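Single-structure report; data block below.
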Amino acid sequence: MWLFKAKLPPPEVPSSLRELLKDYPGHIESLQTVLNEFAAPTPRVQPLDEAIWALQNRLDCFLQEAVRQLEAARADGNPVLFDAAERARSTMGRALLSFDSDPDGLGRYFKRHKKAFE
């Protein structure tokens, strides 16, 4: 017999990341897209860890993109572009480094919906 598990509300982007990335709404949206994948009840051995790894991977991509933009701005010699790229690199680095093992209670989300991931 097949049991249908209803779709869950997705976990939210941790508030600490939303605050750090407030000037980068597209990045927040991208992180939410990553978390939306966890709204589908799917058997997972470590759903919290998987969500954290997915967020960290996306944050790392943001940092790499910011570093490339900084290098391009440096080569261009445009101080305005350089300053914006340096701010982005700094922000993405802080976001990645400040991300801890249970940001803003993602663990509570997965504990509350534990049955959906079994």
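Residues in the sequence shown are numbered from 1 upward in steps of one, following full-length UniProt numbering. Here a beta-carbon is modelled for each residue, glycine too, at the ideal position from N, C-alpha and C. As the structure is a computational prediction, the values presented were derived from the model and not from experiment.
Residues near M92 by beta carbon distance below 6 angstroms, same chain, minus five either side: Around M92: F62, L63, A66.
DSSP state of T91 mapped onto helix, strand, coil: helix
Contact set for L8: own chain, Cβ-Cβ below 6 angstroms, skip 5 residues either direction: A39, H113, A116
Straight-line Cα distance separating R74 from F82: 6 angstroms
Cutoff 6 angstroms; reference V13; Cβ partners in own chain excluding five residues on either side: Counting only Cβ-Cβ distances below 6 angstroms, and skipping sequence neighbours, we find I28, L31, Q32.
M1 classed as buried or exposed, judged by whether at least 16 other C-beta atoms fall within 10 angstroms: Its pLDDT being 39, under 50, M1 is placed unreliably by the model, and nothing is read from it.
Identity of the residue in E118, K111, L35, Y24 nearest Q56 by Cα: L35
Sequence-distant residues of its chain with Cβ nearer than 7 angstroms to P25 (five each side left out): none
Residue of L96, R108, P43, R89 minimising C-alpha distance to S16: Answer by Cα proximity: L96.
Contacts around R89, its chain only, beta-carbon distance under 8 angstroms, and the 5 residues preceding and following it disregarded: L63, A66, V67, Q69, L70
Nearest-angstrom beta carbon gap, L48 and F99 [assumed within contact, 8 angstroms]: Between L48 and F99 the Cβ distance is about 13 angstroms, and since that is not below 8 angstroms, they are no contact.
Burial state of P11, where buried means 16 or more other Cβ atoms lie within 10 Å: Within 10 angstroms of the beta-carbon of P11 lie 16 or more other beta-carbons, which makes it buried.
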